[in-house]
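Okay, so here's the structure we're looking at.
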Amino acid sequence: MGWTLFKLQKISIYVLVGIAFLANWLGGTFILPIALVLLAAGCFSWFWEPPRIDFNQWAGIWMPLTVSMLVVLAGLAITSILGPFDAGIGLVLYLTTAKLFQRERAADYIQTTVLSFLLMSIATIFNEDISFGLLFMGYVIVGLICLTLYHLRIQTELYPQAARQNRRIQPKLLGLLVSLAVIALVASIAFFFLFPRVGFGFLAQQTQPAVNTTGFSEEVNLGSFGTLKSDPTVVMRVEFPNGIPIGTQNLYWRGISFDRYDGSRWSRTLYGNDILFLDSQGRVDLPPPQTRDPQAASIRQSIYLEPLSSNVLFALHPVLNLQLEDRRNPNALNPQQRQRWQLTRRIGVSETGDITHQSARNVAYQYQATSEQPQWSAQALRQISHQAVLDSLEPQQRQAYLQLPDNLSPAIADLAAEITQGIPDDYDRVLAIQNYLLQNYTYTTDLPDPGDNPPLDSFLFVNRRGHCEYFSTALAILTRSVGIPTRSVNGFLGGRWNERESYLSVRNADAHSWTEIPFGSYGWVTFDATPAVANVSAQENWLDPLRSFYDALRFRWIKYVIQYDLQTQLALLEQLQTNLPGSPASSSTEKTSWTDWLKSGLLPLRDLLRQNWLPTLGILVSSVIAGWRGQGRRLQRVRIADMGVILALSAMNGALLLGLWQPRPTGLALGIPILLPSLLFALMRWQGWQRSSHRQMQEISRLYVQVRRHAIAVGIPVQPRQGPEALITLLQSSHLSETEPGIRLIRRYLEVRFGQQPLATGELRQLWQEWQQVRQAWSR
């Protein structure tokens, strides 16, 4: 039992290169078409070896091909079609792929290993996700095995006679290599976390792939139709250092506001923007709100913002101060870096309350914000007169927040007047319009076609359904129609609370639009006319536990690896000390343990299986039948009867899931049970083939042992350390008759044992019969 050295080295080098390719592709180093070309070339190169290919015949094409590729990449870089760095990446990708076609000597394997390390180094620039960490751990383990196999390969090339008896790598040796690689990996990780850090750990300067936002945008266009898909991609994570506020699912993460509506599109006309500079601690105080509620709660937020195609900073409003997490020393930067660093020391605050950073877009950003949570009562807002609302705004602002489209339908003004008829104060009029929208219109992500009607008219009078931007626009225009100034706001609503790591993950699916209305000295008050069903944070999905688990791992990767520095190291050590059993702090903490967190995911699954015991039993029975059909089938072709049974079992599973399972599964939850019979059938066939192959190896080895022993018994001087080839040489020079059939038996043993050539059906029985004839001839 074992693997040949050459085959194991081939497998390990392909795994190593595959990990490096995958790390780059996940990081967005190259696009999908290039990835498919590289994948096809790699698969094709697997079969590019003797006896199919003669390396000497193709050796002359590689140098001209490499020079041509170098000239092409240099030309693309000179003409600015590709950047110099992209051209260098292309060269490394070509060299790695070309080396896979030239696997002749041990030096070729070590060169491929070095090129894969270059690819992994390139991936560190583009891929900062936790996927890189997992792939890198696999790369280290496989890389150490590759280096060991390279050393053994060198020994076989230097001392072929001595290495002839050790051509196979036994499982024990391979297990020992993997164990040593894992120990080295664990030691390296411990060294990484324990060695005093001197890096910067500044997340805002790390260029990461931008999140493909499907919700938040710096502009709003109504009138599109079609189905909106919910995107669970996390765009920011929020920790609350001073305590978790009540109702995290209903927090409004304000982003950008709009004042002008032209009938289909919202835009901004109030561009007044103050530039505020951070102090030496990276902190800046924002202009205080017009009034302060002495009973307002102060909420501290530590926000990790993923790369967005926007420089908006999200936070709960009103914001009192901001602090940027920047630990770099400006004296250690060159002039160009210092100039870019100075741009990050500025915060833009518009007159509408929007906050923006001055760094480049599509980079991650970390900051802390302190906000107030006003507790104004409805009775207090009712006391604000309409004139006080108007007087709180400057003339330019009043004009902007009361603007209506030139082609606005008179029916909209009539509807607003009808809803607010007889209501004396602004607050109750706004509340009446909001309740009217909540009670008479439906939220949907399947947007209907507005046809030739203006989008808002179609929403209010024809379709009567839409998403949050329709509701916020309707509330804003209806209130403006009765003379109340308003503005529309884009941002995020709520988020998914992660119990394990105690943070709020805000996703693309949480993107939301709402309306803000000024109430004199009380400032701008939030009104939301969108039905509560639009708040996806309150909705459960069977994939949410898995997504939360993965996002918790990714968040730890960002905090403790990507931005790991001395300050983070001290915080981690303090946390470990706090969580040690018996420490004073550990008894007072209320963090959820891993066991409780695991139970929270397994208990609902147990209840779900109990509720659906009948389809579950049917799926288990079909799996047992499929495994029994595949057991012991060896290598013969799959019979039509077997295929019919597997298809029938798969159809039965699908019928059980769609007809009896509650709630009805979709996607992956539906596909896995349907494919389960086929997978188990294939697994049992593969195991049967493995057992058959092992028995063949044992029988052919036993045949060779008998040939060798009988040759010694009839006088062939075979020494204990001599192998099959030496025995063949001695038989060729011996006086025995029928040596050719005996030599043929030994050669067949070498082909099966070391050449991985399987025996044909019935061949083993024929070989034993031939040996009986040879044995009788030698005995005479």
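Heads up: the sequence shown begins at 235 in our numbering, then just goes up one per residue. Even for Gly, the Cβ is constructed at its ideal location relative to N, Cα and C.
Exercise. Going by CA-CA distance only, name the one from Gln668, Leu485, Pro475, Gln607 that's closest to Ala530.
Key: Cα-wise, what sits closest to Ala530 is Gln607.
Self-check item: Cα-Cα separation, Asn742 to Thr390
Solution: 57 Å
Exercise. Pull up the distance between the alpha-carbon of Leu512 and that of Gln631, whole angstroms please.
Key: 28 Å
Exercise. Going by DSSP, name the residue or residues bridged to Asn732.
Key: Tyr737
Quiz item: Buried or exposed: where does Leu694 fall if 16 or more other Cβ atoms within 10 Å of its Cβ makes it buried?
Solution: buried
Quiz item: Would DSSP call Arg919 helix, strand or coil?
Solution: Arg919: helix per DSSP, three-state reduction.
Exercise. Please report how far the alpha carbon of Asn724 lies from the alpha carbon of Ser514, in whole angstroms.
Key: So the two alpha carbons sit approximately 32 Å from each other.
Exercise. Measure the C-alpha to C-alpha separation of Arg502 and Leu780 and round it to an integer number of angstroms.
Key: 40 Å
Exercise. Keeping to the same chain, check which residues put their C-beta closer than 7 Å to that of Ala397; ignore five residues upstream and five downstream.
Key: A caution first: Ala397 carries a pLDDT of 48, below 50, which makes its placement in the model too unreliable to give a value.
Quiz item: On the three-state DSSP scale, how would you describe Glu750?
Solution: strand
Self-check item: Length at least 4, wholly inside the region 951 to 998: the alpha helix (DSSP H) runs in chain order
Solution: 958 to 966, 973 to 987
Self-check item: With 16 other Cβ atoms within 10 Å as the buried cut-off, status of Ala772
Solution: By the 10 Å Cβ count, Ala772 comes out exposed.
Exercise. Name the residue from Glu997, Gly989, Ser451, Ala1011 whose alpha carbon lies nearest to the alpha carbon of Thr238.
Key: Gly989
Quiz item: Expressed to the nearest angstrom, what Euclidean distance is found between the alpha-carbon atoms of Arg734 and Glu362?
Solution: Straight-line Cα distance between these residues: approximately 22 Å.
Exercise. Take the Cβ of Ala994 as the centre, count every other Cβ of all protein chains shown within 10 Å, and call the residue buried at 16 or more, exposed below.
Key: exposed
Quiz item: How should Ser491 be labelled, buried or exposed, when 16 other C-beta atoms within 10 angstroms of its C-beta is the threshold for buried?
Solution: buried
Self-check item: Arg517 - partner residues in DSSP beta bridges
Solution: Gln557
Quiz prompt | Limits of the beta strand (DSSP E) - the one that Asp778 falls within | solution = From DSSP, Asp778 is part of no beta strand (DSSP E) but of the alpha helix (DSSP H) over 778 to 791.
Quiz item: In whole angstroms, what separates the C-alpha of Pro992 from that of Leu1001?
Solution: 14 Å
Practice problem: Can you give me the start and stop residues for the alpha helix (DSSP H) that Gln336 sits inside? | Solution: From DSSP, Gln336 is part of no alpha helix (DSSP H); its letter is neither H nor E.
Exercise. Would you check if the region 464 to 480 and the region 739 to 755 touch, i.e. whether three or more CB-CB distances between them fall below 8 Å?
Key: yes
Quiz item: In chain order, what residues of the same chain have a beta carbon less than 7 Å from the beta carbon of Leu891, not counting five sequence neighbours either side?
Solution: Pro849, Pro899, Leu904, Pro907
Exercise. Please go through the same chain and pick out, in chain order, the residues whose beta-carbon is closer than 8 Å to the beta-carbon of Thr347, but skip the five residues on each side of it.
Key: Ile247, Leu250, Gly377, Cys380, Leu381, Tyr384
Quiz item: Relative to the C-alpha of Leu1063, which residue among Leu353, Thr313, Arg337 is closest?
Solution: Nothing can be reported for residue 1063, as the shown portion of the chain is limited to 235 through 1014.
Practice problem: Excluding the 5 residues preceding and the 5 following Gln442 in the sequence, name in chain order all residues of the same chain whose CB lies nearer than 6 Å to its CB. | Solution: Summary for Gln442: the model assigns pLDDT 45, below 50, so the residue's position carries little reliability; its value from the coordinates is reported in the next sentence. If we look at Gln442 and ignore the five residues flanking it on each side, its Cβ neighbours are Glu362, Pro541, Ala598.
Exercise. Sort Leu998, Tyr983, Leu965 by Cα distance to Trp1017 and report the nearest one.
Key: Missing from the structure shown is residue 1017; the chain here goes from 235 to 1014 and no further.
Quiz item: Roughly how many whole angstroms lie between the Cα atoms of Val855 and Met886?
Solution: 11 Å
Quiz item: Based on Cα-Cα distance, which residue from Phe370, Leu902, Leu984, Arg978 lies nearest to Gly957?
Solution: Leu984
Quiz item: Which one of Asn769, Leu909, Ser692 has the shortest CA to CA distance from Asn484?
Solution: Asn769
Quiz item: What did DSSP end up calling Asn769 once you bin it into helix, strand or coil?
Solution: coil
Quiz item: For Gly757, which of helix, strand or coil comes out of DSSP?
Solution: coil
Self-check item: Helix, strand or coil at Tyr505 according to DSSP, with G and I counted as helix
Solution: coil
Quiz item: What is the rounded straight-line gap between the Cα of Gln1003 and the Cα of Val941?
Solution: 13 Å
Self-check item: Neighbourhood of Leu998 by C-beta, 6 Å cutoff - its chain only, sequence neighbours within 5 removed
Solution: Glu933
Practice problem: Answer with buried or exposed for Ala875, where buried requires no fewer than 16 other C-beta atoms within 10 angstroms of its C-beta. | Solution: So Ala875 ends up on the exposed side.
Quiz item: For Thr358, which option in Phe255, Tyr505, Asp744 has the closest C-alpha, if you only look at C-alpha atoms?
Solution: Phe255
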